[in-house]
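Visitor: Protein chains in written order, with my numbering: chain A, 1 to 126; chain B, 127 to 275.
Glycine included, each C-beta is placed from N, C-alpha and C at the ideal position.
Given the structure is predicted, the values throughout are model-derived calculations rather than measurements.
Before I ask anything, here is the structure I am working with.
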Amino acid sequence: MINKLISLIVLSTFIFAHSQTPTKYGGEENKLDSISTKQIKVIPITIQNLNKYSQSYNIEVDGDIVGSTNMLISKQIQRLKITVKIYKKNTLENHSVCTISIARSKDEMFNTKICTKVLLYWTTEK
Amino acid sequence: MNMSKVVLRTTLLSSILLSTVYASKQMVFKTEVLPVCGIEVDGAMGSINFSDSISPSSATFTVQTNHQDGYALVSFSGINTSDNITNKDGYFEVVDKQNNKTQIDWNNPQSAYGYHDEQQEVFAIVPQESNTILAGTASVTTTLEVRCD
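Dropping the structure here:
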């Protein structure tokens, strides 16, 4: 009887896919991108829905969900400007900006999450 | 004297012309190619593999990255299991093309490498016989996080 236990990893026939760029913003290679004269820095990222169906994504900054995208149709590319808060002056800080696919049903086993590593420096020098 | 002047002028003129022609041929095409990070997950209907499972079932994922190393780090976060398989030592097993296996413990998940454009299999395993599990749907959900930096 328990042998008849059908333990589905409730995966449907969906394919989950998305991409995000850049993978890194600022840092040694792009020092100018890191520098901000304000406590707030706007980070441009681009995501693409690689699924064959529409999908929306949560936007996560430093571990907190701060919003979500509109529904992106298949192959649609969306450019986003994400606001990141810098905490300390004159200190190089690590932040992360991530997008997470929003499950279309509770039965989906996988969500996908892609992050951009963000290095920011809030300078007070003029 | 005159002859040598003519030769000198001709040589100078030719040099200037040649250098101009050469300079005009220097063209630079430059585009900054941004690093891209992507992941595809598929696998249709999978099932949890118990120790008495006859035919193991898997899902698959494929990482897309143009990073020079050709691989990305794939983490399994937010793992949620149904009550009947919670605390049953369950884990994901990631198998790459070379048949290398990485075990991802559901209680203490580590990361696995994902290689560009290479499909990798994921098995969900509960190392116990199914008759020790409470009847009902057994399920596990997770977030596949990919890092390409």
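For A:Lys31, which of helix, strand or coil comes out of DSSP?
Guide: helix
Visitor: Could you have a look at B:Ser256 and say whether DSSP puts it in helix, strand or coil?
Guide: B:Ser256: helix per DSSP, three-state reduction.
Visitor: With DSSP as the reference, label B:Asn210 as helix, strand or coil.
Guide: helix
Visitor: Can you list, in chain order, the residues of its chain with a C-beta nearer than 6 Å to that of B:Leu160? Leave out the 5 residues immediately preceding and following it.
Guide: Apart from sequence neighbours up to five positions away, no residue of its chain approaches B:Leu160 with a beta-carbon distance below 6 Å.
Visitor: Please specify which runs of the beta strand (DSSP E), each continuous and at least 3 residues long, are wholly inside the segment 12-97 of chain A, giving them in chain order.
Guide: 16-21, 40-49, 57-61, 64-68 and 77-85
Visitor: List, in order along the chain, the chain A residues whose C-beta lies closer than 9 Å to that of B:Glu247?
Guide: The contacting residues do not exist; B:Glu247 stays about 13 Å from chain A at best.
Visitor: Taking any Cβ of chain B, which residues in the segment 66-82 of chain A have a Cβ under 9 Å from it, in chain order?
Guide: none
Visitor: So the beta strand (DSSP E) B:Ala306 belongs to, where does it begin and stop?
Guide: Not covered by the structure: residue 306 of chain B. The range shown for chain B is 127 to 275.
Visitor: Using alpha carbons as the reference points, say which of A:Asn90, A:Pro44, A:Ile40 and A:Glu28 lies closest to A:Ala123.
Guide: Looking at the sequence shown, residue 123 of chain A is not Ala but Thr. For A:Thr123, the closest C-alpha among the options A:Asn90, A:Pro44, A:Ile40 and A:Glu28 is that of A:Asn90.
Visitor: Tell me, which residues are paired with A:Thr123 by DSSP?
Guide: In DSSP, A:Thr123 forms no bridge with anything.
Visitor: Check distances from the C-beta atoms of the segment 18-51 of chain A to those of chain B and list, in chain order, the residues that come in under 7 Å.
Guide: Contacts with chain B (Cβ-Cβ distance below 7 Å) from the segment 18-51 of chain A involve His18, Ser19, Gln20, Thr21, Pro22, Thr23, Lys24 and Leu50, listed in chain order.
Visitor: Mind checking who B:Leu199 pairs with in its DSSP beta bridge?
Guide: B:Tyr239 and B:Arg273
Visitor: Mind pulling the chain A residues with CB within less than 8 Å of B:Thr268?
Guide: Met109, Phe110 and Asn111
Visitor: At least one CB of chain A closer than 7 Å to the CB of B:Glu271: is that the case?
Guide: yes
Visitor: Check each candidate in A:Ile73, A:Ile77 and A:Thr99 and name the one with the smallest Cα separation from A:Glu48.
Guide: Per the sequence presented here, residue 48 of chain A reads as Gln, with Glu not at that position. If we check each option's Cα against that of A:Gln48, A:Ile77 comes out closest.
Visitor: Report the rounded CA-to-CA distance for B:Ile174 versus B:Tyr217, giving the unit in angstroms.
Guide: 10 Å
Visitor: Would you mind reading off the limits of the beta strand (DSSP E) that contains B:Gln190?
Guide: Ser184 to Thr191
Visitor: What residue from B:Gln254, B:Gly262, B:Val266 and B:Tyr239 has the CA that sits closest to B:Ile165's CA?
Guide: B:Tyr239
Visitor: Can you list, in chain order, the residues of its chain with a C-beta nearer than 7 Å to that of A:Asp62? Leave out the 5 residues immediately preceding and following it.
Guide: His95 and Ser96
Visitor: Measuring only the C-alpha atoms, how far is B:Gln236 from B:Ile251?
Guide: 16 Å
Visitor: Going straight from the alpha carbon of B:Glu255 to that of B:His193, what length do you get?
Guide: 42 Å
Visitor: Closest Cβ-Cβ distance between B:Leu199 and chain A: below 7 Å?
Guide: no
Visitor: Among the candidates B:Arg273, B:Ser208, B:Ile230 and B:Gly196, whose CA atom is the shortest distance from the CA of B:Val221?
Guide: B:Ile230
Visitor: Quick check: the Cα distance between A:Tyr37 and A:Leu120, rounded to an integer number of angstroms?
Guide: Tyr is not the amino acid found at residue 37 of chain A; the sequence shown has Thr there. In this structure, the straight-line span from the alpha carbon of A:Thr37 to that of A:Leu120 is close to 10 Å.
Visitor: With 7 Å set as the bound, which would you pick, yes or no: does the beta-carbon of A:Ile102 sit closer than that to a beta-carbon of chain B?
Guide: no
Visitor: Please list, in chain order, all residues of the same chain as A:Tyr53 whose beta carbon is under 7 Å from its beta carbon, the five residues on each side excluded.
Guide: Ser74
Visitor: With 7 Å set as the bound, which would you pick, yes or no: does the beta-carbon of A:Leu120 sit closer than that to a beta-carbon of chain B?
Guide: no
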